[in-house]
Amino acid sequence: MLLRQTKEQLRRLDLRAKKGLGQHFLIDDRALRRLVSAAELSPFDTVVEVGPGLGILTRELARKAGWVIAIEIDPKLASALEEGLAPLANVTILSADVLESDPGSLIEAAKGGLEASYKVVANLPYYIASAVLRHFLEASLKPKMMVVTIQKEVAEAMVAQPGEMSLLSVSVQFYARPAIVDYVPARSFYPPPKVDSAIVRIELYDHPAVEVEDVAIFFEVVRGGFSAPRKQLRNSLAQGLNITPGDAAALLDRAGISQKRRAETLSLEEWARVYRVFTEKQC
Ligand code: SAM
10 MLLRQTKEQL RRLDLRAKKG LGQHFLIDDR ALRRLVSAAE LSPFDTVVEV GPGLGILTRE
70 LARKAGWVIA IEIDPKLASA LEEGLAPLAN VTILSADVLE SDPGSLIEAA KGGLEASYKV
130 VANLPYYIAS AVLRHFLEAS LKPKMMVVTI QKEVAEAMVA QPGEMSLLSV SVQFYARPAI
190 VDYVPARSFY PPPKVDSAIV RIELYDHPAV EVEDVAIFFE VVRGGFSAPR KQLRNSLAQG
250 LNITPGDAAA LLDRAGISQK RRAETLSLEE WARVYRVFTE KQC
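Every number in the working numbering is 9 more than the matching position in the sequence shown, counting from 1.
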């Protein structure tokens with residue numbers, strides 16, 4: 010049903026899916042319902058949708074939420090949506106690159122400064138999925154929740170625990186609690202991508218999971234640790250932070266962490282300890 014509708018829409022608009030823009034349209038009713046229900050929308054919610062495409066998800070969001078702001082980079086799709094969704098009074102279509110759009114200004118402009126909280130719900134374009142997540146997690150006005158479909162492997166990396174952590178899992182878990190809601194096979198999209206997907210629900214904390222004064226330096230340390238993930242921390246930190254292996258060893262000793270551990274084994278609290286010793290040393 011959704012497949013036929015999608016093909017017809019593309020034909021009518023004389024468009025082909027642009028793989029370079031991650032255009033894989035959702036054609037699976039069940040996945041659509043799971044995605045929307047995981048966001049627990051009410052008429053009080055403002056939703057930002059990244060990449061509305063042909064508007065299949067946008068219509069569902071508009072039925073449940075108070076306001077939907079949908080940002081589409083493809084100008085042809087954006088103008089087709091403007092026309093197609095014109096009868097829906099609670100949808101704003103923006104023809105723009107999400108990474109160039111400041112969430113705070115968007116919400117303020119759309120709501121006249123009345124309501125500052127929002128949720129992100131999207132079938133993200135894979136090629137920039139991590140960048141889009143970072144964009145919202147690090148925004149000055151952060152969403153309270155994000156429910157997104159992303160590549161299965163990226164979703165699993167995001168919810169990993171110490172032993173299998175990565176820069177992505179540390180970055181997401183610093184700001185939020187991520188959980189996999191469901192898996193979505195590649196055939197749920199048209200055209201099908203090469204990989205399967207997962208729906209992830211990311212609930213943002215009011216405050217980061219660990220207390221650090223300077224978030225930029227915290228991530229400088231974490232990035233340093235992951236600069237050579239297969240090496241022991243003493244060496245990866247030395248390389249990543251541009252310090253001597255001796256200094257890196259002393260740093261780890263003072264933080265109470267074995268020099269032989271690898272970056273993927275550290276918890277957020279342990280990264281915070283390394284950061285604290287590193288910043289003390291710099292004072
Ligand atoms: N929401 C639709 C659906 O569920 O069928 C389409 C999802 S498709 C996976 C991703 C959409 O994101 C495409 O419409 C694509 O044009 C759009 N897109 C790609 N890069 C973008 C960007 N930087 N900013 C905004 N939209 C983007």
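Note that CB positions come from ideal geometry on N, CA and C, so glycine has one too.
In the three-state reduction of the DSSP assignment, Met167 falls in the helix class.
Per the Cβ contact rule, the segment 184-195 is not in contact with the segment 70-84 (fewer than 3 Cβ pairs under 8 angstroms). Asn251 counts as exposed, since fewer than 16 other beta carbons sit within 10 angstroms of its beta carbon. Non-local beta-carbon contacts of Glu229 in its own chain, meaning distances under 8 angstroms to residues more than five positions away in sequence, involve Leu250 in chain order.
Fewer than three beta-carbon pairs drawn from the segment 79-96 and the segment 162-180 are found closer than 8 angstroms, and the two stretches are therefore not classed as touching.
When DSSP states are grouped into helix, strand and coil, Thr15 belongs to the helix group. Short note on Gly93: C-beta not closer than 8 angstroms to any heavy atom of ligand 1.
Spanning the alpha carbons of Val129 and Ile102 requires a straight line of approximately 15 angstroms.
In the DSSP assignment, Val45 forms no beta bridge with any residue. Separation of Ser46 and Leu150 (C-alpha to C-alpha, rounded to the nearest whole angstrom) is 24 angstroms. With a threshold of 8 angstroms, the Cβ atom of Lys161 does not count as near ligand 1, since no heavy atom of the ligand is closer than that. In the DSSP annotation of this structure, Ala131 is not part of any alpha helix (DSSP H); the continuous beta strand (DSSP E) holding it starts and ends at Lys128 to Asn132. Distances from the alpha-carbon of Ser267 to those of Val219, Glu289, Arg243 and Val286 put Arg243 closest. Of the other Cβ atoms in all chains shown, fewer than 16 fall within 10 Å of the Cβ of Met10; this residue is therefore exposed. The alpha-carbon of Arg42 is positioned some 11 angstroms away from that of Glu49. When C-beta atoms of the segment 128-148 are compared with those of the segment 28-43, three or more pairs fall below 8 angstroms, so the two segments count as touching.
In terms of Cα proximity to Pro217, the closest of Tyr184, Ser245 and Pro152 is Tyr184. When C-beta atoms of the segment 221-238 are compared with those of the segment 58-70, fewer than three pairs fall below 8 angstroms, so the two segments do not count as touching.
Residue environment analysis places Glu58 among the buried positions, since at least 16 neighbouring C-beta atoms fall within 10 angstroms of its C-beta.
Here Leu260 has Leu246, Ile252, Val283, Val286, Phe287 and Lys290 as same chain residues with Cβ atoms under 8 angstroms from its own Cβ, once five neighbours each way along the sequence are excluded. When Ala87, Asp83 and Pro52 are compared, the shortest CA-CA separation from Lys73 is found for Pro52. Between Arg210 and the set Val157, Ala225, Phe227 and Ile137, the nearest pair of CA atoms involves Val157. Contact annotation: Gln241 and Arg263 have beta-carbon atoms that are not nearer than 9 angstroms.
Annotation for Gly31: Pro134, Tyr135 and Tyr136 place their beta carbon closer than 6 angstroms to its own, counting only its chain and skipping 5 residues before and after.
Distance from the CA atom of Tyr199 to the CA atom of Ala40, rounded to whole angstroms, is 13 angstroms. DSSP places Arg239 outside both helix and strand once states are collapsed to three, so it counts as coil.
Ser126 has its alpha-carbon roughly 8 angstroms from the corresponding atom of Ile116. When the alpha-carbon of Ser114 is set against those of Ala148, Ser139 and Leu24, the nearest one is in Ala148.
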